[in-house]
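Under UniProt numbering, the letters of the sequence shown match residues 1 to 301, in that order.
By construction, the Cβ of each residue, glycine as well, lies at the ideal position given by its N, Cα and C atoms.
Just so you know, these numbers come straight off a predicted model, no measurement behind them.
See structure below.
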Amino acid sequence: MPYRLRRYPPPPPANQDAQKNLERPSAQDIYEQVANNARQELGRSSVSLAISGLAGGIFMGLSALGNAIAIALLTTPGTVPSHTIFFVGKMFYPLGFIVVILGRSQLFTENTLYPVALVLAEKKHFWKTLRLWATVLPANVLGALTFAALAALTDAVNPSVVQALAGLGLEAIHNPAATIFWSGVMGGWIIATVAWLVSGSHSITGSVMIIWMLTFVVGLGNFAHCIATSGEILTAVLIGKAAWTSYLTWLLFAVAGNICGGVGMVTLLEYGQVIYGGDADAEAIAPHPKEESKTEESAKA
1 MPYRLRRYPP
11 PPPANQDAQK
21 NLERPSAQDI
31 YEQVANNARQ
41 ELGRSSVSLA
51 ISGLAGGIFM
61 GLSALGNAIA
71 IALLTTPGTV
81 PSHTIFFVGK
91 MFYPLGFIVV
101 ILGRSQLFTE
111 NTLYPVALVL
121 AEKKHFWKTL
131 RLWATVLPAN
141 VLGALTFAAL
151 AALTDAVNPS
161 VVQALAGLGL
171 EAIHNPAATI
181 FWSGVMGGWI
191 IATVAWLVSG
201 SHSITGSVMI
211 IWMLTFVVGL
221 GNFAHCIATS
231 GEILTAVLIG
241 KAAWTSYLTW
251 LLFAVAGNIC
261 GGVGMVTLLE
271 YGQVIYGGDA
281 DAEAIAPHPK
291 EESKTEESAK
301 A
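What follows is the structure, encoded as structure tokens:
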């Protein structure tokens, strides 16, 4: 079923019905904002996307770094971190996502929502979406490798933190392939949901709260994220505790899971909600005339 996207007009002056802009956006409003964001991203050159993706991969290292620093500081040398320490460490896991999403760097798991949402409405963008994926994913991985090299091969990070980073990476790659895939599905679902909700948020504060709460769940559940977890695994690889083949195998299943979770559990469902919910406004219960007049009077006041 074809769906026509409308481009957003220029924003009205600040003194014209400002309260209206604070109304809760409909699913169609969010969907169109997502698609218009995708149109802007697909219009960028490959070089621009690659640089943004590289930055995104490096910035995602903040998630691994914050987590590892907390674990290293709270763990007594020679002991195994407790569940409480892991819980506290995961509170810093959202850092990289906050920086990347608010800073508008390219993140592969966000791109399972934005361009795909546009392709569902305008099929002509299919090849541009593949170009974006083929550019951003390697750039994100290279950025994660850059972060890991800085942490593991220089004196920038305390050795105890490096060991904590590597320990998190080893825990991830020791899971069976099926576990990595389905864990990636959960991670991709949650991150694509974050991107959807941020598109409907009215403020930076609201966006930060959304990102923090949902990505905290990703970290707490140890769900596979192809970029955030790459920084941890690549640190283990660079200090000789893991093999490159183990990382590449993990990455394959994590990427597949993230794509299935982001596209299948968010983008397609939200698209269906918009397409088959197009008559929601027509079926909405109209306000009582007296209530409507009161609302207009309070707005004028």
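Out of the options, which one is the CA nearest neighbour of residue i?
i, options, result
"residue 117", "42, 174, 237 and 166", "42"
"residue 102", "217, 212 and 240", "212"
"residue 127", "225, 39, 256 and 230", "39"
"residue 49", "79, 125 and 131", "131"
"residue 33", "197, 74 and 249", "197"
"residue 249", "111, 175, 214 and 96", "175"
"residue 69", "256, 100 and 86", "86"
"residue 45", "268, 270 and 136", "136"
"residue 24", "206, 229 and 244", "206"
"residue 96", "256, 229, 257 and 244", "229"
"residue 88", "47, 73 and 79", "73"
Can you name, in chain order, every residue of its own chain whose Cβ lies under 7 Å from the Cβ of residue i, other than the five neighbours on each side?
i, result
"residue 58", "143, 146 and 147"
"residue 170", "236, 241 and 242"
"residue 274", "27, 28 and 31"
"residue 84", "none"
"residue 17", "Residue placement at residue 17 is poorly supported in this model, since its pLDDT is 46, which falls under 50; the coordinates still yield a value, given next. Around residue 17: no qualifying Cβ."
"residue 156", "150"
"residue 54", "139, 142 and 143"
"residue 166", "235, 236, 239 and 241"
"residue 119", "125, 126 and 129"
"residue 75", "81 and 85"
Where do the ends of the alpha helix (DSSP H) carrying residue i lie?
i, result
"residue 68", "61-74"
"residue 266", "Segment: none, residue 266 is in no alpha helix (DSSP H) and carries neither H nor E."
"residue 30", "27-42"
"residue 77", "Segment: none, residue 77 is in no alpha helix (DSSP H) and carries neither H nor E."
"residue 176", "Careful: residue 176 lies outside any alpha helix (DSSP H) and carries neither H nor E."
"residue 236", "228-238"
"residue 200", "Careful: residue 200 lies outside any alpha helix (DSSP H) and carries neither H nor E."
"residue 128", "126-152"
"residue 83", "83-90"
"residue 246", "244-259"
"residue 102", "95-102"
"residue 116", "114-121"
Would you mind stating whether residue i and residue j have Cβ atoms separated by less than 8 Å?
i, j, result
"residue 105", "residue 56", "yes"
"residue 253", "residue 134", "no"
"residue 227", "residue 108", "yes"
"residue 67", "residue 168", "yes"
"residue 320", "residue 260", "Past the boundaries of the shown model lies residue 320; the chain is included only from 1 to 301, so the question cannot be answered."
"residue 247", "residue 180", "no"
"residue 262", "residue 113", "yes"
"residue 187", "residue 225", "yes"
"residue 51", "residue 208", "no"
"residue 210", "residue 201", "yes"
"residue 183", "residue 223", "yes"
"residue 190", "residue 214", "yes"
"residue 122", "residue 195", "no"
Can a CB atom of chain D be found closer than 8 Å to the CB of residue i?
i, result
"residue 242", "This model lacks chain D altogether; it includes just one protein chain."
With a threshold of 7 Å (Cβ to nearest heavy atom), would residue i be considered close to the ligand HEM?
i, result
"residue 98", "Summarising the ligand content, the structure contains no ligands, and the ligand HEM is consequently not present."
Give me the Cβ distance between residue i and residue j, rounded to the nearest whole Å; I'm assuming they're in contact under 8 Å.
i, j, result
"residue 164", "residue 71", "4 Å"
"residue 231", "residue 64", "4 Å"
Excluding the 5 residues flanking residue i on each side, which residues of the same chain have their C-beta closer than 6 Å to its C-beta?
i, result
"residue 158", "none"
"residue 279", "Confidence at residue 279 is low in this model, with a pLDDT of 48, below 50, so its placement is unreliable and the value that follows should be read with caution. There are no such residues."
"residue 193", "266"
"residue 255", "226"
Below 8 Å CB to CB, which residues in the same chain sit around residue i once its five sequence neighbours on both sides are set aside?
i, result
"residue 90", "67, 216, 219 and 220"
"residue 284", "Bear in mind that the predicted position of residue 284 carries a pLDDT of just 45, short of 50, making it too unreliable to give a figure here."
"residue 77", "160"
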